[in-house]
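J.: Numbering-wise (our numbering), the sequence shown opens with residue 136 and increments by one. Submitted below is the structure of interest, expressed as structure tokens.
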Amino acid sequence: MVSKIKVIPIAFDSLGVRSMATFVETADTTVFIDPSAALCPRRYGLPPHQIEIEELENALNRIASVAENAEIIVITHYHYDHHNPNFPELVNGKIVFLKHPRDHINVSQRIRAARFLKLIESKAKPKGIEYADDRSIKIGDTIIRFSTPVPHGINDRLGYVIMVSIKYENETFLFTSDVEGPSLDEQTRIILRENPSLILLDGPMTYMLGYRYPMSALQNTLNNLKEIVSKTQVETIIIDHHFMRDLEYKKYVKEMQSIMPRKISIISAAEFLGKEPLLLEARRKELYSIN
Ligand SMILES: [Zn+2]
Ligand SMILES: [Zn+2]
136 MVSKIKVIPI AFDSLGVRSM ATFVETADTT VFIDPSAALC PRRYGLPPHQ
186 IEIEELENAL NRIASVAENA EIIVITHYHY DHHNPNFPEL VNGKIVFLKH
236 PRDHINVSQR IRAARFLKLI ESKAKPKGIE YADDRSIKIG DTIIRFSTPV
286 PHGINDRLGY VIMVSIKYEN ETFLFTSDVE GPSLDEQTRI ILRENPSLIL
336 LDGPMTYMLG YRYPMSALQN TLNNLKEIVS KTQVETIIID HHFMRDLEYK
386 KYVKEMQSIM PRKISIISAA EFLGKEPLLL EARRKELYSI N
């Protein structure tokens, strides 16, 4: 089936860097969600390997060139893998929808948001900067909806994110941002309400299972995914970001597949593009041992 909403993952954990940068195109508009990328400062006690540093540079170059074709830029929250204060020129002449910089936000993101707004205010399209939380806009036959803020992960310790849905005719693309699951009812409710055909999901943080990500959160996530598949029209779930920092991810995909009420495609962003996943952060120890 040819999709009317074109979704192109640009930079992702399964493409070698921490990111959820996604370009979306309909007949009416072009949207670039979370155009940034970053590396984990320390994994297994090691700093980023040279190969990761090179991949980050490639990813940031791809992001800069894709951004030229975007009419709308969306920033779902103020972590550096989702917004890039070192390259405010990316928003030159564009409409920018941002997570509210002062409402439902933790201290560190509030400080980053204020700084980022200052950097982009002279660059975005005049009067083109808008707070996105709980808003919806219509461009031709395309409806873009931004959710109310939901916790970043299993609680609000890391602040809040907004989800983005883009609807065109009978198709809806939903971008969850950093939900690390969805393990919470409030995150799941929004996904159910949007009735997406394609979901780009920040999956459970299994690489911290039993440590910063409790077993109960994984169980809740599995239950919520099952409910989403039974109650929406979803055909494909692209699962990535926190989920692809675990070398054992295939085991969890199998488990998800096994509990689903119907056949559904659950794949990484790399696989969605027809590529093999390129896990670098998760393989950092190995990268150091061979180079
Ligand atoms: Zn985040
Ligand atoms: Zn993130």
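Just so it is clear, CB atoms sit at the ideal spot from N, CA and C, and this is done for glycine as well. Here the structure is a predicted model, which means the values were calculated and not measured.
(1) Check whether the region 393-412 and the region 163-182 are in contact - that is, three or more C-beta pairs closer than 8 Å.
(2) Taking only heavy atoms of ligand 2 into account, decide whether any of them is closer than 7 Å to the Cβ of M298.
(3) Kindly give me the distance between the Cβ atoms of Y423 and L181, rounded to whole angstroms, as I take these residues to be in contact under 8 Å.
(4) In three-state DSSP terms, what is M298?
(5) For K229, count the other beta carbons within 10 Å of its own beta carbon; 16 or more makes it buried, fewer makes it exposed. Which is it?
(6) Considering only heavy atoms of ligand 1, does any lie closer than 7 Å to the CB of D313?
(7) CB-CB under 8 Å to K139, same chain, minus the five flanking residues each way: which ones, in chain order?
(8) Spatial neighbours of S282 within its chain, please: C-beta separation below 6 Å, excluding the five flanking residues on both sides.
(9) For M155, report the span of its beta strand (DSSP E) as first-last.
(10) Note down, in chain order, each residue of its chain lying with its Cβ closer than 6 Å to the Cβ of A156, except the 5 sequence neighbours on either side.
(11) Just confirm the distance between the C-beta atoms of L413 and L150, as a whole number of angstroms; I'd bet it's less than 8 Å.
(12) Would you kindly check if the distance between the Cβ of I399 and the Cβ of K361 is under 8 Å?
(13) Report the residue from L382, I264 and A205 whose alpha carbon sits nearest the alpha carbon of I143.
(14) Straight-line CA distance for E375 to P339?
(15) On the CB-based measure, 16 or more other CB atoms within 10 Å of its CB, does A248 come out buried or exposed?
(16) Excluding the 5 residues flanking T323 on each side, which residues of the same chain have their C-beta closer than 6 Å to its C-beta?
(17) Under the criterion of a Cβ to heavy atom distance below 7 Å, does H235 qualify as lining ligand 1?
(18) Figure out for me which residue from I240, L293, Y348 and V152 has the closest Cα to the Cα of Y266.
(19) For ligand 2, I want to know if H217 counts as a neighbour, meaning its beta carbon is within less than 7 Å of at least one of the ligand's heavy atoms.
T.: So, from the listed chains and residues:
(1) no
(2) no
(3) 6 Å
(4) coil
(5) buried
(6) yes
(7) T161, A162, Y303, E304 and E306
(8) I297, M298 and I325
(9) M155 to E160
(10) I145, A146, D169, P170 and I198
(11) 6 Å
(12) no
(13) A205
(14) According to the sequence provided, residue 375 is Asp. The question's Glu does not apply to it. D375 and P339: Cα-Cα distance of roughly 9 Å.
(15) buried
(16) P317 and N359
(17) no
(18) I240
(19) yes
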